[in-house]
Amino acid sequence: MNRLSKKEKFCYGLGDMSCNIIFAAISFYLLYYMINVAGLKPILASIVFIIAKFWDAITDYFMGVISDKTKSRFGKRKVYMLFGAIPYGLIFVLLWIAPFNESTTQFVKFLYYTGVYMLFNTIWTVVYVPYNALTANMTQDYDERTSLNGTRIILANVGMILGAALFSLLSEGEGSILAQAFNSVKTGYLVGALIFGCLAAIIMLICALNVKERYSNEDTYQKPFFTTLKEFFKLKEFRNTMMYYLLSMVGFDIIMAVFLFFVNDSLNFGALNDSMLSMIFIAIPLVVAIATAVVWVKLSEKYDKVKVYRFAVIWIVCSLLTCLFLPQINEAQTNQLLCFICLGIVVVAVGFGMSAVQILPYSSLPDVIEVDEYVNHVRREGAYYGVVQFIYKTASGIAVALVSLILGLFGYVESSGGPWMPQESAASLIAIRVVIGILPGILFILSVYFGFRSNMDRARFNQIKQELEIRRISEANQKKTQSLEK
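Under the numbering used here, the first residue of the sequence shown carries the number 58, and numbering increases by one thereafter.
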């Protein structure tokens, strides 16, 4: 077995660090920005997310097929990372422009953000789908993939810290560094987006220049979309592994989408007008996730992945339930220390479980590629990850839109970048607590069920891989014999 070097694993992880700088900023702040800075109504914001995510999902499959068919001196996947990095960093900036005045209608705002978000998701797809497919091209070893994705998740969480916590310090709210420097919340967001977009582009280029595609089927035959989809769903390993991954990721997406509303509104931290607090409480779970990632990787190497995941889910579900009962900062602000301590304990606990929720389901995804090749006699990493992302992004878009819709239905009031005001109804504050405290936990619990049904342990994976190798040798010998006969 040819093991990957630590340098190559690190550089591969930089790719997800780059993506998560952008992904975290969007996941934690874009919905909040649209509603409370640009002044878009929550229900319209939910429609923006649904349309943009559905478009993103559609393009994913076709990008996967395109990358499978690509032949270039840079490789099947790397070529898109190399030439897409700069555009995806720059187009990200357009999401954080609010070119509106008081007379701008809601419809104009809706059209702008829908169009720009769709444009961004297109270039994101061009970069991220090939990057995702790289795992299967870099190594075919079961444990190496877990190790590779462990490194990837560690650096992804570093990117999450930069994109979430540091973005908050620089740009989120009146108390942020850039908002004070430019005397404008809107300008603070824009300059912060420019900084992070450029940073993400540079890091992606470093990744692409330092990883190697070792395994590639040059004779890949691509079937029509619906035929491919049908063949994937006939595989119980695909159905169960997909749901295992999907439910865990959508649960995490819901936490990210509602966290800022939870801290600023339900816990009343927004009254303190201190962006440093948001940064700290977003950073803590991500730092804990980084610190504990190696623990989950080692446990998964020693024990069954899904059994380890089950323990992590029990842990994180119990941690999230406490969000229903955390104290709110009172009007006199005399209980700040108590609120800080309580929230700090919860986010540390969530960060510990979150690390496993990210690593273990994702590390199981590439294993299905071998099952598909074994059953359907075709290897199609790009198409596979395109379908996975198509399903995930559709579900994620609906989930985030649902969060926005719930806020609107329970009376959450949007603003337009002015001073923070405690204007939200009791019903909307309770709804936020329920969304973050219960809904993700339900999804995590369901993901455990599908994880156990996936039936892809180390022994079965190695058996399939050995049989595939025998088949490849046999097919190569047949081609050689036929060539000699001619």
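Even for Gly, the Cβ is constructed at its ideal location relative to N, Cα and C.
{"Query": "Under the three-state DSSP convention, the category residue 497 falls into", "Result": "helix"}
{"Query": "Unbroken stretches of the alpha helix (DSSP H), 4 residues or longer, contained in the stretch 102-157", "Result": "135-151"}
{"Query": "Beta-carbon proximity list for residue 314, same chain, < 6 Å, skipping 5 on both sides", "Result": "88, 457 and 460"}
{"Query": "Chain-order list of residues whose beta-carbon lies under 7 Å from that of residue 475 (same chain, five-residue window excluded)", "Result": "A caution first: residue 475 carries a pLDDT of 49, below 50, which makes its placement in the model too unreliable to give a value."}
{"Query": "Distance, residue 283 Cα to residue 211 Cα", "Result": "36 Å"}
{"Query": "Cβ-Cβ distance between residue 214 and residue 419 below 8 Å", "Result": "no"}
{"Query": "Cα-Cα separation, residue 245 to residue 228", "Result": "5 Å"}
{"Query": "DSSP three-state assignment for residue 529, whether helix, strand or coil", "Result": "helix"}
{"Query": "Bounding residues of the alpha helix (DSSP H) (the contiguous stretch that carries residue 420)", "Result": "393-421"}
{"Query": "Stretch-stretch touch, CB-based, cutoff 8 Å, three pairs: the stretch 397-404 with the stretch 151-167", "Result": "no"}
{"Query": "Chain-order list of residues whose beta-carbon lies under 7 Å from that of residue 395 (same chain, five-residue window excluded)", "Result": "384"}
{"Query": "As assigned by DSSP and simplified to three states, the class of residue 390", "Result": "coil"}
{"Query": "N-terminal and C-terminal residue of the alpha helix (DSSP H) that residue 376 is part of", "Result": "362-378"}
{"Query": "Whole-angstrom C-beta distance between residue 160 and residue 301, which should lie under 8 Å", "Result": "The Cβ separation is near 49 Å, so there is no contact."}
{"Query": "Alpha-carbon spacing of residue 436 relative to residue 363, whole angstroms", "Result": "26 Å"}
{"Query": "Own chain partners of residue 524 with C-beta closer than 7 Å, once the 5 adjacent residues on each side are dropped", "Result": "431"}
{"Query": "Contact the stretch 348-356 vs the stretch 248-263: 3+ CB pairs below 8 Å", "Result": "no"}
{"Query": "Closest residue to residue 270 among 113, 451 and 124 (Cα-Cα distance)", "Result": "124"}
{"Query": "Among 231, 434, 286 and 188, the one whose alpha carbon lies nearest that of residue 266", "Result": "188"}
{"Query": "Alpha carbon of residue 69 to alpha carbon of residue 386, nearest angstrom", "Result": "43 Å"}
{"Query": "Three-pair Cβ contact test at 8 Å for the stretch 366-384 versus the stretch 435-449", "Result": "no"}
{"Query": "Distance, residue 192 Cα to residue 240 Cα", "Result": "45 Å"}
{"Query": "Boundaries (first-last residue) of the alpha helix (DSSP H) holding residue 257", "Result": "242-266"}
{"Query": "At least three beta-carbon pairs within less than 8 Å, the stretch 74-89 to the stretch 219-227", "Result": "yes"}
{"Query": "Sequence-distant residues of the same chain with beta carbon closer than 7 Å to residue 148, five excluded per side", "Result": "176, 177 and 180"}
{"Query": "Residue range of the alpha helix (DSSP H) that includes residue 179", "Result": "163-195"}
{"Query": "Residue environment, residue 63, which counts as buried when at least 16 other CB atoms sit within 10 Å", "Result": "exposed"}
{"Query": "Three-pair Cβ contact test at 8 Å for the stretch 496-506 versus the stretch 481-488", "Result": "no"}
{"Query": "Beta-carbon contacts of residue 226 that lie in its chain and below 7 Å, excluding the five residues immediately before and after", "Result": "233, 234, 332, 333 and 336"}
{"Query": "Local conformation of residue 476 per DSSP, three classes", "Result": "Because residue 476 carries a pLDDT of 48, less than 50, the predicted location of this residue cannot be relied on, and the following value inherits that uncertainty. Correct three-state label for residue 476: coil."}
{"Query": "Buried versus exposed, by CB contacts within 10 Å (16 or more), residue 392", "Result": "exposed"}
{"Query": "Option nearest residue 467 by Cα separation, candidates 452, 455, 489 and 451", "Result": "489"}
{"Query": "Which of helix, strand or coil DSSP assigns to residue 310", "Result": "helix"}
{"Query": "Nearest-angstrom Cα separation, counted from residue 172 out to residue 518", "Result": "43 Å"}
{"Query": "Reduced DSSP category for residue 231 - H, G, I as helix; E, B as strand; rest coil", "Result": "coil"}
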